[in-house]
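Visitor: If you're matching positions, the sequence shown starts at 36 in this note's numbering and goes up one per residue. We treat Cβ as the ideally placed atom computed from N, Cα and C, and that holds for glycine. Please read all numbers here as calculations on a predicted model, not as lab measurements.
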Amino acid sequence: MRKDAAAENPGDTNYDDEVATDETIDSSVATEDKSDDNSDVASNDTTDETAGDQDMDNTLASDPGTTEKDSESSNTSANTASYLNADAQATLDKLESDYNKVKWGVQYSPTGMDYLVISVTPFYIEDDYHLIVGVTNLYNKAIVFDGTGYAKGSSGENIGEFSLYESAIGPGNTAIFDVPCTDVPTGEIHWDEIQIPDSSFKDAYWECDWAIGTDNGDLKIDYSVYSADKFTPGYIKALVLDKDGYVIDYVYDYSADEGKSITGTLQFYKSEFNGTCADVAFFVNPTIVE
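Given below as C-alpha coordinates:
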(Lines of atoms letter the chains of each structure in order from A; the text may use other names.)
(Lines give C-alpha, C1' and ligand atoms only; values in the text may rest on other atoms or scores of the structure.)
Protein backbone atom coordinates (compact mmCIF):
# COMPACT_ATOMS: atom_id res chain seq x y z
CA MET A 36 0.00 0.00 0.00
CA ARG A 37 1.15 3.52 -0.74
CA LYS A 38 2.25 5.70 2.15
CA ASP A 39 1.63 9.45 1.92
CA ALA A 40 3.45 11.63 4.42
CA ALA A 41 2.22 14.92 5.81
CA ALA A 42 4.72 17.70 6.38
CA GLU A 43 7.33 16.66 8.93
CA ASN A 44 7.09 19.91 10.87
CA PRO A 45 4.40 22.32 9.70
CA GLY A 46 5.13 24.59 12.65
CA ASP A 47 3.08 27.73 13.18
CA THR A 48 1.58 29.53 10.22
CA ASN A 49 -0.05 32.96 10.33
CA TYR A 50 -2.52 34.25 7.76
CA ASP A 51 -4.15 37.56 6.98
CA ASP A 52 -7.92 37.64 6.50
CA GLU A 53 -7.70 36.42 2.90
CA VAL A 54 -9.26 33.26 1.54
CA ALA A 55 -6.46 30.85 0.74
CA THR A 56 -7.45 30.19 -2.85
CA ASP A 57 -7.54 32.02 -6.17
CA GLU A 58 -10.98 30.65 -6.98
CA THR A 59 -14.00 32.87 -6.39
CA ILE A 60 -16.70 31.03 -4.48
CA ASP A 61 -20.24 32.05 -3.72
CA SER A 62 -20.22 32.41 0.06
CA SER A 63 -23.96 32.78 0.49
CA VAL A 64 -25.83 30.25 2.57
CA ALA A 65 -28.50 28.33 0.70
CA THR A 66 -31.90 29.50 1.87
CA GLU A 67 -34.05 27.45 -0.46
CA ASP A 68 -37.59 26.72 0.66
CA LYS A 69 -37.59 23.65 2.87
CA SER A 70 -41.07 24.16 4.27
CA ASP A 71 -42.44 20.79 3.19
CA ASP A 72 -44.86 19.18 5.56
CA ASN A 73 -42.96 17.13 8.13
CA SER A 74 -43.72 13.49 7.37
CA ASP A 75 -43.16 10.75 9.88
CA VAL A 76 -40.21 8.51 9.16
CA ALA A 77 -40.04 4.92 10.35
CA SER A 78 -36.82 3.31 9.26
CA ASN A 79 -33.91 1.25 10.43
CA ASP A 80 -30.28 1.69 9.53
CA THR A 81 -26.82 0.60 10.51
CA THR A 82 -23.77 2.83 10.65
CA ASP A 83 -20.24 1.41 10.41
CA GLU A 84 -17.62 3.88 11.61
CA THR A 85 -13.84 4.25 11.63
CA ALA A 86 -11.13 2.66 9.61
CA GLY A 87 -11.48 -1.05 10.18
CA ASP A 88 -11.64 -2.07 6.50
CA GLN A 89 -10.36 1.06 4.81
CA ASP A 90 -7.05 1.89 3.15
CA MET A 91 -5.74 4.80 5.23
CA ASP A 92 -2.07 3.95 5.37
CA ASN A 93 -1.04 7.59 5.65
CA THR A 94 1.81 8.59 7.95
CA LEU A 95 0.86 11.03 10.66
CA ALA A 96 3.24 13.97 10.93
CA SER A 97 5.67 13.54 13.82
CA ASP A 98 4.91 17.12 14.89
CA PRO A 99 1.64 18.36 13.33
CA GLY A 100 2.19 21.71 15.03
CA THR A 101 -0.49 24.37 14.92
CA THR A 102 -2.05 26.47 12.22
CA GLU A 103 -3.90 29.78 12.08
CA LYS A 104 -5.97 30.67 9.05
CA ASP A 105 -9.25 31.68 7.47
CA SER A 106 -11.19 28.98 5.70
CA GLU A 107 -12.51 28.92 2.19
CA SER A 108 -16.11 29.98 1.69
CA SER A 109 -19.00 27.54 1.62
CA ASN A 110 -21.02 26.96 -1.53
CA THR A 111 -24.04 25.07 -0.29
CA SER A 112 -26.20 25.98 -3.29
CA ALA A 113 -24.09 23.96 -5.74
CA ASN A 114 -21.70 21.02 -5.56
CA THR A 115 -19.45 20.78 -2.53
CA ALA A 116 -16.37 23.02 -2.89
CA SER A 117 -13.35 20.85 -2.12
CA TYR A 118 -9.72 21.97 -1.66
CA LEU A 119 -8.27 18.58 -0.72
CA ASN A 120 -5.37 16.86 -2.43
CA ALA A 121 -6.41 14.04 -4.76
CA ASP A 122 -5.36 11.24 -2.40
CA ALA A 123 -7.18 12.67 0.61
CA GLN A 124 -10.28 13.28 -1.51
CA ALA A 125 -10.26 9.70 -2.80
CA THR A 126 -9.90 8.34 0.74
CA LEU A 127 -12.69 10.59 2.00
CA ASP A 128 -15.02 9.52 -0.81
CA LYS A 129 -14.52 5.85 0.11
CA LEU A 130 -15.51 6.25 3.75
CA GLU A 131 -18.33 3.91 4.73
CA SER A 132 -19.37 6.07 7.66
CA ASP A 133 -22.29 8.52 7.70
CA TYR A 134 -19.96 11.37 6.69
CA ASN A 135 -20.92 11.13 3.01
CA LYS A 136 -24.64 11.27 3.78
CA VAL A 137 -24.25 14.97 4.61
CA LYS A 138 -24.33 17.74 2.00
CA TRP A 139 -21.20 19.59 3.12
CA GLY A 140 -20.65 23.09 1.77
CA VAL A 141 -16.86 22.96 1.70
CA GLN A 142 -14.00 20.56 2.48
CA TYR A 143 -10.39 21.60 3.08
CA SER A 144 -7.27 20.74 5.06
CA PRO A 145 -5.35 23.20 7.26
CA THR A 146 -1.85 24.01 6.00
CA GLY A 147 0.56 21.15 6.71
CA MET A 148 -2.24 18.81 7.83
CA ASP A 149 -3.12 17.19 4.51
CA TYR A 150 -5.05 14.29 6.03
CA LEU A 151 -7.13 16.29 8.48
CA VAL A 152 -10.35 17.33 6.75
CA ILE A 153 -12.47 20.27 7.89
CA SER A 154 -16.03 20.26 6.52
CA VAL A 155 -18.76 22.82 7.17
CA THR A 156 -22.45 23.19 6.48
CA PRO A 157 -25.02 25.66 7.89
CA PHE A 158 -28.50 25.03 9.18
CA TYR A 159 -31.15 26.99 10.99
CA ILE A 160 -34.03 26.26 13.34
CA GLU A 161 -36.70 28.94 13.33
CA ASP A 162 -34.63 32.13 13.88
CA ASP A 163 -31.55 30.40 15.27
CA TYR A 164 -28.54 30.05 12.97
CA HIS A 165 -25.92 27.34 13.30
CA LEU A 166 -22.79 26.10 11.56
CA ILE A 167 -21.92 22.40 11.73
CA VAL A 168 -18.16 21.79 11.65
CA GLY A 169 -16.97 18.28 10.82
CA VAL A 170 -13.40 17.17 11.60
CA THR A 171 -12.33 13.95 9.86
CA ASN A 172 -9.12 12.05 10.59
CA LEU A 173 -7.57 10.37 7.53
CA TYR A 174 -4.29 9.55 9.28
CA ASN A 175 -3.49 6.02 10.42
CA LYS A 176 -3.70 6.64 14.16
CA ALA A 177 -6.05 8.35 16.58
CA ILE A 178 -5.53 12.08 17.09
CA VAL A 179 -6.67 14.77 19.47
CA PHE A 180 -8.39 17.75 17.87
CA ASP A 181 -8.08 21.10 19.63
CA GLY A 182 -9.20 24.16 17.67
CA THR A 183 -10.33 27.71 18.42
CA GLY A 184 -11.73 30.41 16.17
CA TYR A 185 -14.99 31.95 15.03
CA ALA A 186 -17.61 31.72 12.30
CA LYS A 187 -17.69 34.71 9.95
CA GLY A 188 -20.65 36.80 8.89
CA SER A 189 -21.23 38.52 5.56
CA SER A 190 -18.79 41.33 6.40
CA GLY A 191 -16.18 39.03 7.90
CA GLU A 192 -17.33 39.81 11.42
CA ASN A 193 -17.29 37.34 14.30
CA ILE A 194 -20.77 35.83 14.60
CA GLY A 195 -19.90 32.77 16.69
CA GLU A 196 -16.77 32.05 18.72
CA PHE A 197 -15.90 28.45 19.43
CA SER A 198 -13.44 26.18 21.16
CA LEU A 199 -13.64 22.63 19.75
CA TYR A 200 -12.06 19.62 21.41
CA GLU A 201 -12.17 15.87 20.90
CA SER A 202 -9.85 13.57 22.86
CA ALA A 203 -9.66 10.79 20.28
CA ILE A 204 -10.76 10.81 16.64
CA GLY A 205 -9.94 7.41 15.19
CA PRO A 206 -8.70 6.75 11.62
CA GLY A 207 -11.56 7.39 9.21
CA ASN A 208 -13.79 8.78 11.92
CA THR A 209 -15.43 12.21 12.10
CA ALA A 210 -16.20 14.46 15.06
CA ILE A 211 -18.93 17.05 14.53
CA PHE A 212 -19.48 20.30 16.41
CA ASP A 213 -22.38 22.75 16.48
CA VAL A 214 -21.43 26.44 16.40
CA PRO A 215 -24.39 28.72 17.27
CA CYS A 216 -24.28 31.99 15.30
CA THR A 217 -25.84 35.40 15.89
CA ASP A 218 -26.48 35.95 12.16
CA VAL A 219 -26.56 34.01 8.89
CA PRO A 220 -23.18 32.23 8.56
CA THR A 221 -21.31 32.44 5.26
CA GLY A 222 -19.63 29.12 5.88
CA GLU A 223 -16.26 30.79 6.38
CA ILE A 224 -14.29 30.17 9.56
CA HIS A 225 -11.38 32.08 11.02
CA TRP A 226 -9.11 29.68 12.90
CA ASP A 227 -7.00 31.10 15.69
CA GLU A 228 -5.28 27.78 16.26
CA ILE A 229 -5.53 24.08 15.41
CA GLN A 230 -3.54 21.36 17.14
CA ILE A 231 -3.69 17.61 16.39
CA PRO A 232 -1.31 15.74 18.71
CA ASP A 233 -1.42 11.95 19.00
CA SER A 234 -4.17 10.77 21.30
CA SER A 235 -3.33 8.90 24.50
CA PHE A 236 -6.64 7.03 24.15
CA LYS A 237 -7.24 3.99 21.98
CA ASP A 238 -10.20 4.46 19.69
CA ALA A 239 -12.82 1.70 19.36
CA TYR A 240 -14.15 0.39 16.07
CA TRP A 241 -17.90 0.81 16.41
CA GLU A 242 -21.23 0.25 14.72
CA CYS A 243 -24.62 1.77 15.36
CA ASP A 244 -28.13 0.47 14.79
CA TRP A 245 -30.96 2.95 14.94
CA ALA A 246 -34.67 3.25 14.26
CA ILE A 247 -36.88 6.31 13.91
CA GLY A 248 -40.26 6.40 15.58
CA THR A 249 -42.72 8.98 16.89
CA ASP A 250 -43.45 10.29 20.36
CA ASN A 251 -46.54 12.52 20.70
CA GLY A 252 -46.11 13.69 17.11
CA ASP A 253 -42.39 14.37 17.38
CA LEU A 254 -39.57 12.13 16.23
CA LYS A 255 -37.42 9.92 18.40
CA ILE A 256 -34.45 7.80 17.45
CA ASP A 257 -33.68 4.69 19.43
CA TYR A 258 -30.04 3.76 18.96
CA SER A 259 -27.55 1.12 19.98
CA VAL A 260 -23.80 1.68 19.69
CA TYR A 261 -21.73 -1.48 19.95
CA SER A 262 -18.19 -2.75 19.57
CA ALA A 263 -16.14 -5.92 20.03
CA ASP A 264 -14.17 -4.04 22.70
CA LYS A 265 -15.34 -2.67 26.01
CA PHE A 266 -15.69 1.07 25.42
CA THR A 267 -17.14 4.32 26.66
CA PRO A 268 -18.95 6.37 24.00
CA GLY A 269 -18.87 9.93 25.32
CA TYR A 270 -21.03 12.10 23.05
CA ILE A 271 -23.42 10.45 20.61
CA LYS A 272 -24.29 13.07 17.99
CA ALA A 273 -26.78 12.94 15.13
CA LEU A 274 -27.75 15.17 12.21
CA VAL A 275 -31.27 15.06 10.81
CA LEU A 276 -31.08 15.36 7.01
CA ASP A 277 -33.54 16.19 4.27
CA LYS A 278 -33.68 14.20 1.01
CA ASP A 279 -30.74 16.17 -0.44
CA GLY A 280 -28.49 15.69 2.60
CA TYR A 281 -28.93 19.19 4.00
CA VAL A 282 -28.95 19.44 7.80
CA ILE A 283 -32.30 20.38 9.31
CA ASP A 284 -31.58 19.58 12.96
CA TYR A 285 -28.82 18.50 15.35
CA VAL A 286 -29.14 16.57 18.59
CA TYR A 287 -26.83 14.76 20.94
CA ASP A 288 -26.70 12.46 23.91
CA TYR A 289 -23.90 11.77 26.36
CA SER A 290 -22.96 8.55 28.11
CA ALA A 291 -20.06 7.72 30.38
CA ASP A 292 -21.26 4.12 30.67
CA GLU A 293 -18.81 1.34 29.91
CA GLY A 294 -19.65 -1.79 27.97
CA LYS A 295 -19.75 -3.46 24.58
CA SER A 296 -23.20 -2.05 23.80
CA ILE A 297 -24.74 1.29 24.77
CA THR A 298 -28.39 2.12 24.06
CA GLY A 299 -30.33 5.35 24.26
CA THR A 300 -32.94 7.61 22.67
CA LEU A 301 -32.57 10.95 20.90
CA GLN A 302 -35.57 13.30 20.76
CA PHE A 303 -36.24 15.64 17.83
CA TYR A 304 -38.92 18.32 17.81
CA LYS A 305 -40.38 18.04 14.34
CA SER A 306 -42.23 21.35 14.55
CA GLU A 307 -38.87 23.16 14.44
CA PHE A 308 -37.66 21.52 11.21
CA ASN A 309 -37.09 23.62 8.11
CA GLY A 310 -37.70 20.60 5.90
CA THR A 311 -38.71 16.96 5.96
CA CYS A 312 -36.67 14.29 7.72
CA ALA A 313 -35.39 11.77 5.18
CA ASP A 314 -32.30 10.33 6.90
CA VAL A 315 -30.08 10.57 9.98
CA ALA A 316 -26.28 10.67 10.22
CA PHE A 317 -24.63 9.40 13.43
CA PHE A 318 -21.21 10.45 14.72
CA VAL A 319 -19.54 8.85 17.75
CA ASN A 320 -15.90 8.75 18.89
CA PRO A 321 -15.76 5.99 21.53
CA THR A 322 -12.58 4.98 23.32
CA ILE A 323 -11.55 1.54 24.54
CA VAL A 324 -11.66 0.94 28.27
CA GLU A 325 -8.35 -0.66 29.26
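Considering only DSSP beta bridges, list what Tyr253 is partnered with.
Guide: Note on identity: in this sequence residue 253 is Asp, with Tyr being the wrong assignment. In DSSP, Asp253 forms a bridge with Asp250.
Visitor: Can you give the Cα-Cα distance for Glu293 and Asp284, rounded to whole angstroms?
Guide: 28 Å
Visitor: Which same chain residues, not among the five before or five after Phe317, have their C-beta less than 6 Å away from its C-beta?
Guide: Thr82, Asp133, Cys243 and Ala273
Visitor: Quick one: give me the first and last residue of the beta strand (DSSP E) that Leu166 is part of.
Guide: Asp163 to Asn172
Visitor: Just to confirm before moving on: does the CB-CB distance between Phe212 and Phe197 stay below 8 Å?
Guide: For Phe212 and Phe197, yes; Cβs fall inside 8 Å.
Visitor: Kindly indicate the opening and closing residues of the beta strand (DSSP E) around Asp238.
Guide: Element bounds for Asp238: n/a, residue is neither H nor E.
Visitor: How many Å lie between Ala116 and Gly147 at the Cα?
Guide: Approximately 20 Å between the Cα atoms of the pair.
Visitor: Classify Tyr200 as buried or exposed, calling it buried when 16 or more other Cβ atoms lie within 10 Å of its own Cβ.
Guide: exposed
Visitor: Grouping DSSP H, G and I as helix and E and B as strand, with all else coil, what is Asp134?
Guide: Residue identity check: residue 134 is Tyr in the sequence provided, not Asp. Reduced to three states, the DSSP call for Tyr134 is helix.
Visitor: Which residue's Cα is closest to the Cα of Tyr289: Ser144, Ala121, His165 and Val260?
Guide: Val260
Visitor: Ser296 bridges to which residues according to DSSP?
Guide: Tyr261
Visitor: Would DSSP call Thr322 helix, strand or coil?
Guide: DSSP, reduced to helix, strand and coil, places Thr322 within a strand of the structure shown.
Visitor: According to DSSP, is Ile176 helix, strand or coil?
Guide: Per the sequence presented here, residue 176 reads as Lys, with Ile not at that position. It is coil, neither helix nor strand.
Visitor: Which same chain residues, not among the five before or five after Pro215, have their C-beta less than 8 Å away from its C-beta?
Guide: Asp163, Tyr164, His165 and Gly195
Visitor: Can you confirm whether the stretch 250-260 touches the stretch 126-146 when touching is taken to mean that 3 or more C-beta pairs between the two stretches lie within less than 8 Å?
Guide: no
Visitor: Once you ignore the five residues that flank Phe303 on each side, which residues in its own chain have a CB closer than 8 Å to its CB?
Guide: Asp253, Leu254, Lys255, Ile256, Val275, Asp284, Val286 and Cys312
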